[in-house]
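Undergrad:
In the numbering used here, the protein residues as written are 6 to 331.
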């Protein structure tokens, strides 16, 4: 049974707010669907930050876009507040129905999306650059990829503890930890449908699982050299680190078994995540993972500093593997 619900069972509950003709950015076929999931944001004191989310999507330029808001049947007046929102340069559609969690809601977003590409922007996150969606779409079409990834800015900003996430520098540990933010991942809708959306058996790490399943299916990601999204710290995953750790072990064990035919123990995968390196006996998987990264993540600047950084990280983690304690 598909995890993505049918459009028929959802469409009758959608509230449609069409962009004002005088403000509408572009006409015709929709390129991008921005999906935002929420539940009782006003009761949580997030009215202003949610308003920033809405405004930042409407501010996107040079792209045909819709904002799809999936509300879990909020009881704090969110629906009425959203209906009163008037800054509509792009279409807004609102679905408000009870659900079983964030990933159920995100799968509903995939089902209802009308865009060729889909991106998930949490209600307390926002685009701080009006050209982010246009730049991401251009890169997808330029490289013929299935998804994008880009640097992300943290909120609140603390450059010492939470520097700007530069994923092109973190890809060397792609199969060790989550390398970038889904708030920058513009993904082909057909790829999301092929992967059957988010696995709702996971509560905090289904986005990582989906990325790995897209890689298994041959997906290729391209780097967008633009910082356009701000990610708010302190969400559900951050508050449930032990659950995220446990789910990551399950996800990586499954990937290693399917993709590399290596049946690692829970203890071995836990070691990989905790120490960010592989046990000695799996040093060949580290080598293969670096080859996979070069094949599946493209568009990264090839300047001398980037090459030097890549080789430095490769040697550092290779030596860590050689010197691992298990």
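Glycine residues also receive a C-beta, built at the ideal position from the N, C-alpha and C atoms.
Remember, predicted model here, so these are calculated numbers, not experimental data.
Label residue 173 either buried or exposed according to how many other C-beta atoms from any shown protein chain fall within 10 Å of its C-beta, with 16 as the threshold for buried.
TA: Taking the first residue of the chain shown as position 1, residue 173 is located at position 168. The residue in question, residue 173, is buried, as its Cβ has 16 or more Cβ neighbours within 10 Å.
Undergrad: Work out the CA separation of residue 86 and residue 235 for me, nearest whole Å.
TA: Here residue 235 is taken as the residue at index 230 of the chain shown, counted from 1. Here residue 86 is taken as the residue at index 81 of the chain shown, counted from 1. The alpha-carbon atoms of residue 235 and residue 86 are separated by roughly 23 Å.
Undergrad: Quick one, which of 127, 325, 123 and 129 has its alpha-carbon nearest residue 139's?
TA: Your numbering for residue 139 matches position 134 in the chain shown. Considering only alpha carbons, the answer is 123.
Undergrad: Under 8 Å, with one C-beta from each stretch per pair, do the stretch 68-88 and the stretch 34-47 reach the 3-pair mark?
TA: Here the stretch 68-88 lies against the stretch 34-47, with 3 or more beta-carbon pairs under 8 Å apart.
Undergrad: Just the Cα atoms here: how many angstroms apart are residue 111 and residue 194?
TA: The residue labelled residue 111 in the question sits at position 106 within the chain shown. The residue labelled residue 194 in the question sits at position 189 within the chain shown. Approximately 12 Å, taken between the alpha carbons.
Undergrad: Residue 234 by DSSP, collapsed to three states: which one?
TA: Sequence index remark: in the chain shown, residue 234 carries index 229 (1-based). It is a strand residue.
Undergrad: For residue 75, does the three-state DSSP call read helix, strand or coil?
TA: Position 70 of the chain shown, counted from the start, is the residue given in the question as residue 75. Here residue 75 sits in strand by DSSP.
Undergrad: Cβ atoms of residue 128 and residue 229: under 8 Å apart, would you say?
TA: Stepping through the chain shown from its first residue, residue 229 is reached at position 224. Stepping through the chain shown from its first residue, residue 128 is reached at position 123. Not a contact, by the Cβ cut-off of 8 Å.
Undergrad: Using a 10 Å radius around the Cβ and a threshold of 16 neighbouring Cβ atoms, would you call residue 39 buried or exposed?
TA: Residue numbering aside, residue 39 sits at position 34 when the chain shown is read from its first letter. The C-beta of residue 39 has 16 or more other C-beta atoms within 10 Å across all chains shown, which makes the residue buried.
Undergrad: Would you say residue 70 and residue 159 are within 8 Å of each other, going by their C-beta atoms?
TA: Counting from one through the chain shown, the residue named residue 70 turns up at place 65. Counting from one through the chain shown, the residue named residue 159 turns up at place 154. No, they are not a contact pair.
Undergrad: Confirm the yes/no value for this check: CB of residue 34, any heavy atom of the ligand ADP, distance under 7 Å.
TA: Here there are no bound small molecules, and the ligand ADP is not part of this structure.
Undergrad: For the 8 Å Cβ check, are there 3 or more pairs between the stretch 215-230 and the stretch 298-307?
TA: Taking a contact to require three or more Cβ pairs closer than 8 Å, the stretch 215-230 and the stretch 298-307 qualify as touching.
Undergrad: Whole beta strand (DSSP E) runs in the stretch 69-115 with 3 or more residues, listed along the chain?
TA: 70-76 and 96-101
Undergrad: Suppose you measure from the CA of residue 292 to the CA of residue 176; what does that come to, to the nearest Å?
TA: By one-based count along the chain shown, residue 292 stands at place 287. By one-based count along the chain shown, residue 176 stands at place 171. Cα-Cα distance, rounded: 13 Å.
Undergrad: Return the chain-ordered list of same chain residues with a C-beta closer than 6 Å to the C-beta of residue 137, the five sequence neighbours on each side being excluded.
TA: Taking the first residue of the chain shown as position 1, residue 137 is located at position 132. The residues are 233.
Undergrad: Quick check: what's the CA-CA separation for residue 164 versus residue 11?
TA: Position 159 of the chain shown, counted from the start, is the residue given in the question as residue 164. Position 6 of the chain shown, counted from the start, is the residue given in the question as residue 11. Bear in mind that a pLDDT of 49 at residue 164, under 50, signals an unreliable position, so the number given afterwards is only what the model happens to contain. Rounded to the nearest angstrom, the two C-alpha atoms are 44 Å apart.
Undergrad: By the three-class DSSP mapping on this structure, what secondary structure does residue 142 have?
TA: Within the chain shown, numbered from 1, the residue matching residue 142 stands at position 137. Of the three classes helix, strand and coil, the one that applies to residue 142 here is helix, per DSSP.
Undergrad: Determine the direct distance from the alpha carbon of residue 184 to that of residue 55, and round the result to whole angstroms.
TA: The residue labelled residue 55 in the question sits at position 50 within the chain shown. The residue labelled residue 184 in the question sits at position 179 within the chain shown. Cα to Cα, the separation comes out at about 26 Å.
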